[in-house]
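One structure below.
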């Protein structure tokens, strides 16, 4: 079962119902899956069979990860997909002693899941309407002998955020990332990231926050 790392986040919940004939259905279920050779597989091992996809849905590639919203049609996990969002896999690099990182643009978390194989994070971010900045996201890690994994997440947005620019010159984008953590025996997880704080005078500042599963 997936855990929430950051408290008070809201995500869609599966609404299950058992019909008289013993079949199971659910509406507006959400999951992050990996496309396999024989179907869509969740991180908990559930294999979905797609029977219907909404018009103009993007093609899903084998080996890639996607966030999907769907209806479960029966207990065979046949599904009808209503929404597909590509998920970027961000491979963390080991934290280097003395490394100076200047990328500190904020992200606004929408939801996160922590499983055995991945830490998934969906977030909004600001970007300049007139800019071609790539808004790269990257991560550094360290792990103790006791299995405490620390992930430091960074957003390089060239200072395109309301702490530096007028908010009217910015737009909001959305991204979902998955950070692989299955290569470690993890007892607990600590994540640090930069978030936007609104001051009492209406201005904004960026602060680095720490969240933990402990």
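In my numbering, the protein residues as written are 134 to 347. We put the beta carbon where it would ideally sit given N, CA and C, even for glycine. Remember, predicted model here, so these are calculated numbers, not experimental data.
Simplified DSSP assignment, three categories, for residue 327: strand
Under the three-state DSSP convention, the category residue 300 falls into: helix
Which of helix, strand or coil DSSP assigns to residue 347: coil
Paired residues, beta bridge with residue 269 - DSSP: 289
Residue 164 beta carbon near the ligand ATP (any heavy atom closer than 7 Å): For the structure depicted, the ligand ATP is absent and the ligand set is empty, with no information on it obtainable.
Whole-Å CB distance - residue 235 paired with residue 211, under 8 Å assumed: Contact flag wrong, Cβ pair sits at about 49 Å.
Nearest to residue 360 (by Cα), restricted to the options 225, 256 and 186: This structure cannot speak to residue 360, because the chain is shown only from 134 to 347.
Reduced DSSP secondary structure (H/G/I, E/B, other) of residue 234: Correct three-state label for residue 234: coil.
CA-to-CA distance, residue 334 to residue 167, given in whole angstroms: 45 Å
Terminal residues of the beta strand (DSSP E) in which residue 216 lies: 211 to 222
Rounded distance between the beta-carbons of residue 311 and residue 281, thought under 8 Å: Rounded, the Cβ-Cβ distance is 21 Å, inconsistent with contact.
For residue 223 and residue 316, the rounded distance between their alpha carbons: 14 Å
Coil, strand or helix - residue 261 by DSSP: strand
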